Amino acid sequence: MEQSTDRKIIRQMAEFNLNDMVLGETDTLLCFQTRDELNHLLAAMIQQGNRQVQYFSKKFDEQVIGYSPVPDAIRQFLLNHGESMFKSLVSSSQELVQSGSRLVELLRNNMPRVECRTRRQSSSGHGTFEGCFVTVDNHGYVYLPDPERFAGSACFKAAGTVDKFSEVFAENWRVSDLDAEMQPLYI
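Heads up: the sequence shown begins at 330 in this note's numbering, then just goes up one per residue.
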């Protein structure tokens with residue numbers, strides 16, 4: 330992924346203030362190491378979004394996207410922007426649904442501005458990307474090369490990298506199915 334040599338790399342969350350990070354303006358590459366750092370960074374980025382959030386991972390991981398303050402940021406994102414979309418593309422959401430996470434109800438209750446789809450594995454190469462990423466408004470991203478660990482990087486302004494992630498997302502979206510686990514339950 331894009332890593333410009335003129336971009337300052339910050340290795341510790343203590344070295345920056347999330348309130349100083351502006352989506353579409355701050356091009357500093359941020360590195361995080363813990364779930365708490367990931368969750369606060371992701372929430373700060375989503376709160377600044379106004380059009381689209383894309384979540385791509387092997388599974389709908391509550392550790393990544395289900396812990397406070399991320400669900401609250403997603404809720405505010407959807408409430409504050411009438412045309413906003415939250416799109417998820419995962420191999421499985423079964424674990425999240427079975428856990429009873431409040432994120433499931435949040436997403437189900439905000440259909441049709443939330444689209445949850447299941448990735449297909451195919452011989453054409455679609456679905457071979459194994460990392461986890463979130464993109465916000467074609468500007469910012471959060472990336473975890475190994476979704477089982479919380480170490481990764483993020484940037485509030487990296488259009489080139491976001492474009493690459495969006496290509497992976499779009500390729501997989503075209504060959505995906507509606508996620509039956511995440512559809513609203515009608516009784």
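We treat Cβ as the ideally placed atom computed from N, Cα and C, and that holds for glycine. What you are looking at is a predicted structure, and each value in this text was computed from that prediction instead of being measured.
Inset, instruction - Would you tell me roughly how many angstroms separate the C-alpha atoms of Leu-352 and Trp-502, rounded to the nearest one? - result: 25 Å
Inset, instruction - Within 10 angstroms of the Cβ of Glu-412, are there 16 or more other Cβ atoms? Answer buried if so, exposed if not. - result: exposed
Legend entry - Close Cβ partners of Ala-480 (< 6 Å) along its chain, the five nearest in sequence each way excluded: Gln-362
Legend entry - the region 462-474 in contact with the region 430-441 per 3-pair CB rule at 8 Å: no
Inset, instruction - Please work out which residues of its chain come closer than 7 Å, Cβ to Cβ, to Leu-507, disregarding the five sequence neighbours upstream and downstream, and give them in chain order. - result: Arg-446
Legend entry - Where Val-504 falls: helix, strand or coil (DSSP): coil
Legend entry - Straight-line Cα distance separating Phe-498 from Lys-416: 10 Å
Legend entry - Beta-carbon contacts of Ala-372 that lie in its chain and below 6 Å, excluding the five residues immediately before and after: Pro-398, Val-399, Ala-402
Inset, instruction - Would you decide whether Ala-321 is buried or exposed? Buried here means 16 or more other CB atoms lie within 10 Å of its CB. - result: This structure gives no information on residue 321, because the portion of the chain shown stretches from 330 to 516.
Inset, instruction - Compute the distance between the beta-carbons of Cys-461 and Ser-386, then report whether it is under 8 Å. - result: yes
Inset, instruction - Have a look at Phe-458, Ser-482, Gln-423 and flag the residue whose alpha-carbon is nearest the alpha-carbon of Gln-512. - result: Gln-423
Inset, instruction - Name the two residues that bound the continuous alpha helix (DSSP H) containing Gln-427. - result: 423-428
Inset, instruction - Would you tell me roughly how many angstroms separate the C-alpha atoms of Gln-381 and Arg-364, rounded to the nearest one? - result: 23 Å
Inset, instruction - Grab the span of the beta strand (DSSP E) containing Val-471 for me, first residue to last. - result: 469-473
Legend entry - Between the CA atoms of Ser-430 and Glu-344 - distance to the nearest angstrom: 32 Å
Inset, instruction - List the endpoints of the continuous alpha helix (DSSP H) containing Asp-405. - result: The question names Asp, yet the displayed sequence has Gln at residue 405. From DSSP, the alpha helix (DSSP H) with Gln-405 extends over 399-409.
Inset, instruction - Apply the 10 Å Cβ neighbour rule to Gln-376 and answer buried if 16 or more other Cβ atoms are within range, or exposed otherwise. - result: buried
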